[in-house]
Amino acid sequence: MPAGLNRALLTVAGVIVAIVLAIAICSVAIIIAGASPLDAMGAFFDFGATARTQSNGIAAFLNRAVPLFIAGLAVAVGFRMNLFNIGVEGQYRIAAICAAYVGSTFTAPAPIQIAVIIVVAAAVGGLYALIPAVMKVTRGVNEVISTIMLNYIAINLAAFLVRGPFAGERAEGQLSTTTPELSESAMFPDLNFVFDGFGLPAPTRNGGLWGFLIVAAVLGVVIWVVLERTRFGFDVKASGLNGPAALASGVNPKRMVIAAMVLSGAIAGLIGLPEILGDKGAYNSNFTAGLGFLGIAVALLGRNKPVGIAVAALLFAFLDRAQGPLQFADIPPSVITIIQGTIVLLVVVANEVTKRIALRLEERRAAQELGRNTPVEVTA
Amino acid sequence: MSADTLATAKPAVELEGITKRFPGVVANHDIRITVRPGTVHAIVGENGAGKSTLMKILYGMQKPDEGTIKVNGTEVGFRTPSDAIEVGIGMVHQHFMLADNFTVLENIVLGAEPTNVGMLDTGRARRRITELAVAHGLRVDPDALVEDLGVGDRQRVEILKVLYRGARILILDEPTAVLVPQEVEELFQNLRELKAEGLTVIFISHKLDEVLDIADAITVIRRGTTVASVDPGDVTARQLAELMVGSELPTPETRESTVTDTVALKVANLTMEADGHRPLPKGTPLSTYVAKLHEEGARLLLDDVSFEIRKGEILGIAGVEGNGQSELIEAIMGIRPAHGTIELAGQDISGWSTLKRRESGVGYIPEDRHRQGLLLEASLWENRVLGHQTRAPARKGIWIDRRASRADTERIVKDYDVRTPGVETLALALSGGNQQKLIVGREMSGEPAFLIAAHPTRGVDVGAQAAIWDHLRNARAAGLAVLLISADLDELIGLSDSLQVVYRGRLVAALDPSDVTPERLGGYMTGAIAGTEET
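Line by line, the protein sequences are chains L and R.
Under our numbering, the first residue of the first sequence is numbered 2, with each subsequent residue one higher.
Under our numbering, the first residue of the second sequence is numbered -3, with each subsequent residue one higher.
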């Protein structure tokens, strides 16, 4: 399908231009900060001197990408329907603590225990997203506002739960509170054997390469299939492209809002699991925060498509990983945030521009192909 | 004014060899038009012939690639519409650009406000507007709110707005498209007065009778170029049309009646409140409730509407836009709640969802295809699926059957003569007529029992119009019941088996299309003729 291919190539070209521009802009920022952009570049690709630190670096990079990818998927499901689920942040925090707690209350064979934890996380996330969805369809409350408010509630509720009802035993000298430790059978097997295949030593920090990567990849494929191939996906697409047309063709907008929000929330519920099941074995008070908000940027960058989101998540994780090396090179690590911000801004602009160009090309192509046989027609 | 007398020697507007290329297509090619000052000059052509591009060039919205524009003998080069306004060219758009919540005066001065130490000088503005209104016979109340005005009044406000900015050359883009015959006559009276004042009017239209009525000179555009300049005295409407199309013409005339005795759709006492749907109080029959609403003076969008459509019948609904047509459609489609009953083939469907109604054979050609009918940024085959996502061939269990959908789209493209490079093309790349043919093809798929056709040929060219009329007629002959809503009175009279007039949410007259004139129809539509007439 050459038309589609053209569009895809154009998009990729736009993104590359945007990233190159972002790097140029950030180089200026780095120079202003008194460092050399080249050193910074070096730091991004500096995975350490020894084989061990290299594999740790790679594992940290991929481990960071997994939750970002899931967060991007969660946000994208809403975006596809012009629903702005800003509440991914709250949904994953509340889902993570509930899943960690429920998982710690029993011990079962590994597959069952892990499955239960995943289901609990998805259910809690989905239910928490049901609140703004119901508010929207019954009372017309804008989901942006309600989800932002619900984020505060979720974050503080999680902080309360981890200190109160869901608190586990605090080890001697430990400053953070935490939920009870999960049993060994709840921990997701790691993927460290992959490193053997490349002749690298297995990573040692933070539980190695988290096995949840596999779940995330499967999830990405499933979401792609649901959005691109099913009737539900078609309804989502139609509602997103043209609400009134979807309504006139029998799509129930209220049901779609609820379905998309709950699906988005259920995916969001899984964001915290890689860390819990792969490393920490519990939800503690310094659990990684902000993934939901980053998910918005990742979804924007990935144009709400699973493949794009995967690339965007890898890019963000790649940049995030350089925190340490940048500090060693005497460059403020906040440079990363600047790069991420400029990339998102520029890519969003580039997307809009390339989309318009692509649409115009399409019109032109149609006009050209039809131009040969005359536009005037008369039926007897 | 002496300037005008001097200018009579020179043409008001002279276009020489105007060519405008868009990538892949030539929108205008070697256009030559000379407009004498103090005349009404009509430019006629099919939709898509290049009229609007030409007007955009003349109004400074687009730059020509080649050719020259002379205004009152001086060559000009416009970069923006303000350059055009500067030399006295004003444009009255087809879709009014007025702020509803402003008064007439505020709308007229908007963007060119006279000020007195930074404050809006309403006194000066009012004097100026009254002067202009009196001088040109354009009666309006400067203090009326625009939202309370009818279409004809709004148009006069638009014209005054342009005059207020000092325009001596007026471009009117399809000004009669939204008017009923009486209002058209009034507009023409205004135009004649403007002409008498020495103003020049460029009148774009494809309604040939009107053009022959008002124009002093006519230029015909076909496929982007000027094909003829004629004197209205020398041609008939038919000859003009043939110049426009380049061959013989279609008519909307239906042949012999195919109306059967089987009722396909029955609508009874359909009533819709303006301020939101309220459920019927328990135990109250609908008639009492409606009577109570009448008593309270509640505004009703639909007021006790009842009708039947039999298989093989086309029922036309005539009415000035905004008298309840959209609400009627939305009620029948189940998009908006209403009181009363709707029966499809004897089955009460009033409580059904839109989807269920569609599945049981209700087709819908929406009045605004871009808003309700298409996913512009999706491919043609995806647009084929729209509204049929739960039915064959689009559905396969929980999946969308892409292959079958594509194949069926190919069928529509072929049978309905949709001009497209392929079914993967995005819908927005098609011309309006081809988009509409795709929609007609889609809605005729899956053997509908009843079809709502709202303005089925609006904004499509003559060729596509004829094709769509043919499809409607064929479907009617095959037993389809059609509810036809249109602003084109010829279309209504020509296609319908029976006609109803809707006025302020009520069906006020039932007419026989075989012996009604557009003028009489217009009388009912504006409420000028009251009372119900049964045939």
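All residues carry an ideal CB built from backbone N, CA and C; glycine is no exception.
The structure displayed is predicted, hence computed values, not measured ones.
Please list, in chain order, the chain L residues whose beta carbon lies closer than 8 angstroms to that of residue i.
i         : result
Leu476(R) : Those do not exist, as Leu476(R) stays about 19 angstroms from chain L at its closest Cβ, beyond 8 angstroms.
Ile481(R) : The contacting residues do not exist; Ile481(R) stays about 15 angstroms from chain L at best.
Val381(R) : Phe235
Ile396(R) : Arg230, Thr231, Arg232, Gly234 and Phe235
Arg354(R) : Ser250 and Gly251
Ser349(R) : Gly251 and Asn253
Return the residue from the list the options that minimises the CA-CA distance to residue i.
i         : options                                       : result
Thr15(R)  : Val9(R), Arg28(R) and Ile464(R)               : Arg28(R)
Val72(R)  : Arg353(R), Glu10(R), His91(R) and Leu190(R)   : Glu10(R)
Leu382(R) : Gly393(R), Lys392(R), Ala400(R) and Leu370(R) : Leu370(R)
Ile335(R) : Glu317(R), Arg367(R) and Pro275(R)            : For clarity, residue 335(R) is His in the given sequence; the question names Ile instead. Measuring from the Cα of His335(R), the nearest candidate turns out to be Pro275(R).
Leu324(R) : Lys191(R), Ile310(R) and Val263(R)            : Val263(R)
Ser533(R) : Asn68(R), Ala270(R), Gly312(R) and Trp395(R)  : Given a span of -3 to 531 for chain R in the structure shown, any question on residue 533(R) remains unanswerable.
Ala36(L)  : Val345(L), Arg365(L), Pro333(L) and Thr338(L) : Pro333(L)
Ile310(L) : Ala298(L), Ala116(L) and Ser186(L)            : Ala298(L)
Ala314(R) : Arg17(R), Leu297(R) and Ile489(R)             : Ile489(R)
Ala224(R) : Thr64(R), Ala38(R) and Thr258(R)              : Ala38(R)
Ala34(L)  : Ile358(L), Ser335(L), Lys356(L) and Ala368(L) : Ser335(L)
Gly194(R) : Val31(R), Lys203(R) and Glu143(R)             : Val31(R)
Gly148(R) : Glu179(R), Val142(R) and Thr222(R)            : Glu179(R)
Val345(L) : Thr12(L), Ala25(L), Leu131(L) and Gly303(L)   : Gly303(L)
Asp457(R) : Glu439(R), Gly56(R) and Leu426(R)             : Leu426(R)
Phe196(L) : Ile59(L), Asp40(L) and Ile32(L)               : Ile59(L)
Note down, in chain order, every chain R residue with its Cβ under 9 angstroms from the Cβ of residue i.
i         : result
Ala267(L) : Per Cβ cutoff of 9 angstroms: no residues; Ala267(L) is ~18 angstroms from chain R at best.
Arg366(L) : Gly20, Pro417, Thr421 and Ala425
Can you tell me where the beta strand (DSSP E) holding residue i begins and where it ends?
i         : result
Thr222(R) : Thr221 to Val226
His335(R) : His335 to Leu340
Val550(R) : What is shown of chain R runs -3 to 531, which leaves residue 550(R) out entirely.
Ile345(R) : No beta strand (DSSP E) contains Ile345(R), which DSSP labels as neither H nor E.
Ile167(R) : Ile165 to Asp169
Ile305(R) : Leu296 to Arg306
Phe80(L)  : Premise fails: Phe80(L) lies in the alpha helix (DSSP H), Ala52 to Phe80, not in any beta strand (DSSP E).
Could you spell out where the alpha helix (DSSP H) holding residue i opens and where it closes?
i         : result
Phe194(L) : Phe194 to Gly198
Ala298(L) : Leu292 to Leu302
Ile118(L) : Ala111 to Arg140
Tyr285(R) : Leu282 to Glu292
Asn157(L) : Glu144 to Arg164
Asn186(R) : Pro177 to Ala192
Thr64(R)  : Run containing Thr64(R): none in the alpha helix (DSSP H); it sits in the beta strand (DSSP E), Glu62 to Val67.
Thr118(R) : Thr118 to His132
Asn535(R) : This structure cannot speak to residue 535(R), because chain R is shown only from -3 to 531.
So residue i contacts chain L; which residues on that side make the cut at Cβ distance below 9 angstroms?
i         : result
Met440(R) : Going along chain L, no residue has its Cβ under 9 angstroms from Met440(R), so there is no contact; the nearest lies around 15 angstroms.
Gln368(R) : Asn243, Pro245, Ala246, Leu248, Ala249 and Ser250
Gln385(R) : Arg232, Phe235, Asp236, Ala239, Ser250, Gly251 and Val252
Ala23(R)  : What Ala23(R) touches in chain L: nothing, since even the nearest Cβ is about 10 angstroms away.
Interface residues of chain R around residue i at Cβ under 7 angstroms?
i         : result
Leu346(L) : Simply none; closest approach about 23 angstroms.
Glu386(L) : An answer regarding residue 386(L) cannot be provided, because it is not within the stretch 2 to 381 covered by chain L.
If the cut is a Cβ gap below 7 angstroms, which residues of chain L does residue i touch?
i         : result
Met329(R) : Ala249
Leu371(R) : Ala239, Leu242, Asn243 and Ala246
Ala403(R) : Per Cβ cutoff of 7 angstroms: no residues; Ala403(R) is ~16 angstroms from chain L at best.
Pro362(R) : Ala249
Arg391(R) : Arg232
Query raised in the report: Quick one: any contact between the stretch 143 to 156 of chain L and the stretch 272 to 288 of chain L, if contact means 3 or more CB pairs under 8 angstroms?
Result: no
**Report entry** Meets three-Cβ-pair contact criterion under 8 angstroms: the stretch 174 to 190 of chain L and the stretch 230 to 245 of chain L
**Finding:** no
Query raised in the report: Which residues, in order along the stretch 273 to 299 of chain L, keep a beta-carbon less than 8 angstroms from a beta-carbon of chain R?
Result: none
**Report entry** chain L contacts from the stretch 442 to 474 of chain R (Cβ-Cβ distance under 7 angstroms)
**Finding:** Gly459, Ala462, Ala463 and Asp466
Query raised in the report: Hey, is the stretch 96 to 116 of chain R in contact with the stretch 124 to 139 of chain R, meaning 3+ C-beta pairs nearer than 8 angstroms?
Result: yes
Query raised in the report: Can you find at least 3 beta carbon pairs, one from the stretch 287 to 294 of chain L and one from the stretch 110 to 118 of chain L, that sit closer than 8 angstroms?
Result: no
**Report entry** Residues in the stretch 423 to 435 of chain R having any Cβ partner in chain L nearer than 8 angstroms
**Finding:** Leu424, Ala425, Leu426 and Ser427
Requested in this report: Specify whether the stretch 122 to 132 of chain R and the stretch 159 to 167 of chain R touch according to this definition: at least 3 beta carbon pairs, one from each stretch, less than 8 angstroms apart.
Outcome: yes
Query raised in the report: Are at least three pairs of beta-carbons, each pair with one atom in the stretch 251 to 269 of chain L and one in the stretch 400 to 415 of chain R, less than 8 angstroms apart?
Result: no
Requested in this report: May I ask you to verify whether the stretch 312 to 325 of chain L touches the stretch 92 to 101 of chain L, counting CB pairs closer than 8 angstroms and requiring at least 3?
Outcome: no
Query raised in the report: For the stretch 339 to 364 of chain L, which residues have a CB atom closer than 8 angstroms to at least one CB atom of chain R, in sequence order?
Result: Leu360, Arg361, Glu363 and Glu364
Query raised in the report: Which residues, taken in chain order from the stretch 122 to 146 of chain L, show a beta carbon closer than 7 angstroms to some beta carbon of chain R?
Result: none
Query raised in the report: Does the stretch 125 to 137 of chain L come close enough to the stretch 185 to 196 of chain L to have 3 or more Cβ pairs within less than 8 angstroms?
Result: no
Query raised in the report: Closer than 7 angstroms, Cβ to any Cβ of chain L: which residues of the stretch 75 to 86 of chain R, in chain order?
Result: none
**Report entry** At least three beta-carbon pairs within less than 8 angstroms, the stretch 58 to 77 of chain L to the stretch 312 to 319 of chain L
**Finding:** yes
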